[in-house]
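Line order of the protein sequences matches chains G and D.
In this text, residue positions in the first sequence follow the working numbering: the first is 1, and each later residue adds one.
In this text, residue positions in the second sequence follow the working numbering: the first is 1, and each later residue adds one.
We put the beta carbon where it would ideally sit given N, CA and C, even for glycine.
Written below as structure tokens is the structure these notes are about.
Protein chains: 2
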Amino acid sequence: MMNDLHDLGRRTAALDKVIELSVLLNDDMDRDLARRNLTRSRVHVVWLISQHGPMTQRDLAAVIGVSARNVTGLVDGLERTGFVRREPHPSDRRALLVTLTPHGEETAADLQRGYVELAGQLFGSLPPRRLDELTKGLDHVLAELRRAIAEAESG
Amino acid sequence: MMNDLHDLGRRTAALDKVIELSVLLNDDMDRDLARRNLTRSRVHVVWLISQHGPMTQRDLAAVIGVSARNVTGLVDGLERTGFVRREPHPSDRRALLVTLTPHGEETAADLQRGYVELAGQLFGSLPPRRLDELTKGLDHVLAELRRAIAEAESG
DNA sequence: GTTCACGATGAAGCTACCACATGATGAATG
DNA sequence: CATTCATCATGTGGTAGCTTCATCGTGAAC
Numbered sequence: 001m002m003n004d005l006h007d008l009g010r011r012t013a014a015l016d017k018v019i020e021l022s023v024l025l026n027d028d029m030d031r032d033l034a035r036r037n038l039t040r041s042r043v044h045v046v047w048l049i050s051q052h053g054p055m056t057q058r059d060l061a062a063v064i065g066v067s068a069r070n071v072t073g074l075v076d077g078l079e080r081t082g083f084v085r086r087e088p089h090p091s092d093r094r095a096l097l098v099t100l101t102p103h104g105e106e107t108a109a110d111l112q113r114g115y116v117e118l119a120g121q122l123f124g125s126l127p128p129r130r131l132d133e134l135t136k137g138l139d140h141v142l143a144e145l146r147r148a149i150a151e152a153e154s155g
Numbered sequence: 001m002m003n004d005l006h007d008l009g010r011r012t013a014a015l016d017k018v019i020e021l022s023v024l025l026n027d028d029m030d031r032d033l034a035r036r037n038l039t040r041s042r043v044h045v046v047w048l049i050s051q052h053g054p055m056t057q058r059d060l061a062a063v064i065g066v067s068a069r070n071v072t073g074l075v076d077g078l079e080r081t082g083f084v085r086r087e088p089h090p091s092d093r094r095a096l097l098v099t100l101t102p103h104g105e106e107t108a109a110d111l112q113r114g115y116v117e118l119a120g121q122l123f124g125s126l127p128p129r130r131l132d133e134l135t136k137g138l139d140h141v142l143a144e145l146r147r148a149i150a151e152a153e154s155g
């Protein structure tokens, strides 16, 4: 497998870079969100509703992958700060539909614009060929990671 | 600037991949840490001590970038679960030196091995040339991100 | 029409963070 | 050497995100 020290060093250096990128990106996003009175967990809810339309809290919980109880809390916060409203479900009186307020809609559109802008800042100065190489490399790593995770989960 | 729709799509797709990688990596790490009765915040402390040797809580707070009060809590947790000990500082009776227990040392070594192993899984099957391209791409993106952050902070 | 499933929420508890106040010690100053 | 000011850790109290378990109302199926 040619796992000499040089290879190991190059691989861990690459992983270092991925992780550093992840940390910086998260910090940057958190700063941006804090300015808007949002958190990552809450903006996830706003984002999903802006993409899929009004959703029940149960559905939100399933998509986000957290407990329904937790979604109650997230929606509480978003309602307090004016991003969403709880509306009765038209056909199921147990359920509530979480919908975006106008402010919530504007925020989602803003975030979308910011996302595209960030992508431009990060990748805009990369020649198409190099962007392509980078994308292929990321695809490769993503595939390997998914494989490793699936393997760890099964066996 | 040639910001046509195609370019925008390729750039946001690349950002999507970086973010997905970040999410998967974080989840994977959290699962691994949970098995060891650790959290990301706590393991950060363990990691720093394993690299720098025993440190005061004040120093830990400065390096991690959180309040000293918070480090007290992290060390409380690590002490309860047997990863670290608080020892008197040899020359400053106000301060405590946080040191690793044998279990903490073993854990740090384990984590180190796991990290190298993960790097191997993710990058091992990438031909050297492609790993090199990927690394250069990541360097480019990291530099752009740091630039963007610095710019946002100053102006 | 009763039984069982399901949606949302109250209660209680954990971790990670914060700011502010306090008590003890260190260090510097007159 | 005594006072003063800075520094280390921690108590207190607060926010946010997450959990499980219990409850209450409603849906749905037998």
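I'd like to know if D:V45 contacts chain G, where contact means its C-beta is closer than 8 Å to some C-beta of that chain.
For D:V45, the answer is no, since every Cβ of chain G falls outside 8 Å of its Cβ.
Identify, in the order they occur along the chain, each residue of the same chain with its Cβ nearer than 6 Å to the Cβ of D:N37, setting aside the five sequence neighbours on each side.
Cβ within range, chain order: T81.
Tell me where the alpha helix (DSSP H) around G:R58 begins and ends.
It spans 57-64 - the alpha helix (DSSP H) in which G:R58 sits, taken as one unbroken run.
Just to confirm, are G:L131 and G:F123 a CB contact at a threshold of 8 Å?
Contact flag set, yes.
Any beta carbon of chain D sitting closer than 8 Å to that of G:S125?
With 8 Å as the cut-off, G:S125 counts as an interface residue toward chain D.
Report the partner residues of G:V84 according to the DSSP bridge assignment.
Paired residue(s): G:L100.
Starting from the beta carbon of G:R130, find every residue of chain D whose beta carbon is closer than 9 Å, and list them in chain order.
E133, K136, G137, H140, listed in chain order.
Taking 8 Å as the CB-CB cut-off, is D:Q121 touching chain G?
Judged by the 8 Å Cβ criterion, D:Q121 is in contact with chain G.
Could you tell me the alpha carbon to alpha carbon distance between D:I49 and D:P128, rounded to whole angstroms?
If you take the alpha carbons of D:I49 and D:P128, they lie about 33 Å apart.
At least one CB of chain D closer than 8 Å to the CB of G:D28: is that the case?
Chain D contact via Cβ: present.
What does G:E79 reach in chain D if we use C-beta pairs closer than 7 Å?
Result: empty, since nearest Cβ-Cβ is about 26 Å, beyond 7 Å.
Pick helix, strand or coil for D:D92, following the three-state DSSP scheme.
Here D:D92 sits in coil by DSSP.
Decide yes or no for the touch test of the segment 96-113 of chain G against the segment 90-105 of chain D: beta carbon pairs closer than 8 Å, at least 3 of them.
Flag = no, the segment 96-113 of chain G and the segment 90-105 of chain D do not touch.
Please classify D:A14 as buried or exposed, where buried requires at least 16 neighbouring CB atoms within 10 angstroms.
The residue is buried, with at least 16 neighbouring Cβ atoms inside 10 Å.
Let's test the definition: count the other Cβ atoms within 10 Å of the Cβ of D:Q51 and tell me whether it reaches 16, buried, or not, exposed.
So D:Q51 counts as exposed.
Considering Cα atoms alone, identify which of G:D28, G:E106, G:G53, G:R113 is closest to D:G9.
For the residues G:D28, G:E106, G:G53, G:R113, the minimum Cα distance to D:G9 belongs to G:R113.
If I measure Cβ to Cβ from G:T72 and keep anything under 8 Å in the same chain, skipping five residues before and after, which residues do I get?
Once the five neighbours on either side are set aside, the close Cβ partners of G:T72 are Q57.
Report the option in G:A150, G:V141, G:D76 whose CA atom is closest to the CA atom of G:V45.
With distances taken between Cα atoms, G:V45 lies closest to G:D76.
For chain G, is any of its Cβ atoms less than 8 Å away from the one on D:S22?
Answer yes: the Cβ-Cβ gap between D:S22 and chain G drops below 8 Å somewhere.
Quick one, which of G:E151, G:S154, G:T135 has its alpha-carbon nearest D:L21's?
Out of G:E151, G:S154, G:T135, G:T135 has the C-alpha closest to the C-alpha of D:L21.
For a contact defined as C-beta to C-beta under 7 Å, what are the partners of G:L118 on chain D?
Going along chain D in sequence order, the residues near G:L118 (Cβ under 7 Å) are L15.
I'd like to check one pair, G:Q121 with D:E144: are the Cβ atoms closer than 8 Å?
Yes, they are a contact pair.
Got a sec: is the Cβ-Cβ distance from D:L25 to anything in chain G below 8 Å?
Chain G, which has a Cβ nearer than 8 Å to the Cβ of D:L25, makes this yes.
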